[in-house]
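Peer 1:
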Amino acid sequence: MKPDIIILARHGEPDLSRRVYLNWRGYKYWWRLYDEAGLKPGQSAPKMIKELANKADVVISSTLPRAIETAEMASGATPDLQEPLLVEAGLPPPNLGYIKLKPRMWGILSRVSWVIGFSGEVESRKDAKIRAQKAADILSDHASGGKMLFVAAHGWFNRMIRPQLKRRGFKCVEDHGDLHWSYRRYERVNNKNKDE
3 MKPDIIILAR HGEPDLSRRV YLNWRGYKYW WRLYDEAGLK PGQSAPKMIK ELANKADVVI
63 SSTLPRAIET AEMASGATPD LQEPLLVEAG LPPPNLGYIK LKPRMWGILS RVSWVIGFSG
123 EVESRKDAKI RAQKAADILS DHASGGKMLF VAAHGWFNRM IRPQLKRRGF KCVEDHGDLH
183 WSYRRYERVN NKNKDE
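Our numbering numbers the first residue of the sequence shown as 3 and each following residue consecutively.
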């Protein structure tokens, strides 16, 4: 009996500089460019990521370029499915006037603000959680029957999917962190075949 397997990977490094100082408006623009950016040239998928993607029955990515290119680089082919539910949860920066910070610091401040309820013009945390539930349902359904999925998505949204996968019977059996090109492996024993 083969388990249902989901490899939930974070995309590779995007082609956008983080070595700039921006005010909150500049960060909003930078985030839009980040969502439009593909992968930084000169990267290659780590060997293990390639092996997992090539073993997968189904390769799925979000609809953002950095995730699509990650799936392509890992598997050597276009993803079988580009799922809009897997895009990253937005990062609305708090209005801090003319204070300038690097994108990494804006990301931290924006995520904290978002978690405590400030969503501005982007999807709220509550709505993103509902989206994570729907995404977990889709992934769970695709993995059902002993299939292996390779999913190229995004750091924070992958975190939001984790508890949803656990609620659907998946257990994290490998945890390789949250950096670019990292992944977690989830497995679920296929109970449908247990009694056969």
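Glycine included, every Cβ here is placed at the ideal spot set by N, Cα and C.
As the structure is a computational prediction, the values presented were derived from the model and not from experiment.
What beta strand (DSSP E) runs, 3 residues minimum, are completely inside the region 52–125?
Peer 2: The region 52–125 contains these whole beta strand (DSSP E) runs: 60–63.
Peer 1: Secondary structure at ASN195, three-state DSSP: helix, strand or coil?
Peer 2: Any reading at ASN195 must be qualified, since the residue scores a pLDDT of 44, below 50, and its modelled position is unreliable; the value itself is stated next. It is helical.
Peer 1: Starting from the Cα of ARG106, find the closest Cα among TYR29, ILE70, GLU125 and give me that residue.
Peer 2: Minimum Cα distance to ARG106 is reached at TYR29.
Peer 1: Start and end of the beta strand (DSSP E) containing ASP180?
Peer 2: Segment: none, ASP180 is in no beta strand (DSSP E) and carries neither H nor E.
Peer 1: Determine the DSSP secondary structure at PRO48, reduced to helix, strand or coil.
Peer 2: Coil at PRO48, not helix or strand.
Peer 1: Tell me whether the region 94–101 and the region 140–153 touch, counting them as touching only if at least three CB pairs, one residue from each stretch, are closer than 8 angstroms.
Peer 2: They do not touch, by the three-pair rule.
Peer 1: If you draw a straight line from the alpha carbon of ARG12 to that of SER19, how long is it in whole angstroms?
Peer 2: Approximately 18 angstroms between the Cα atoms of the pair.
Peer 1: Out of LYS128, LEU111, ALA155, which has the shortest C-alpha to C-alpha gap to LEU66?
Peer 2: Minimum Cα distance to LEU66 is reached at ALA155.
Peer 1: Taking Cβ to Cβ, would you say GLU71 is nearer than 8 angstroms to TRP158?
Peer 2: No. Outside cutoff.
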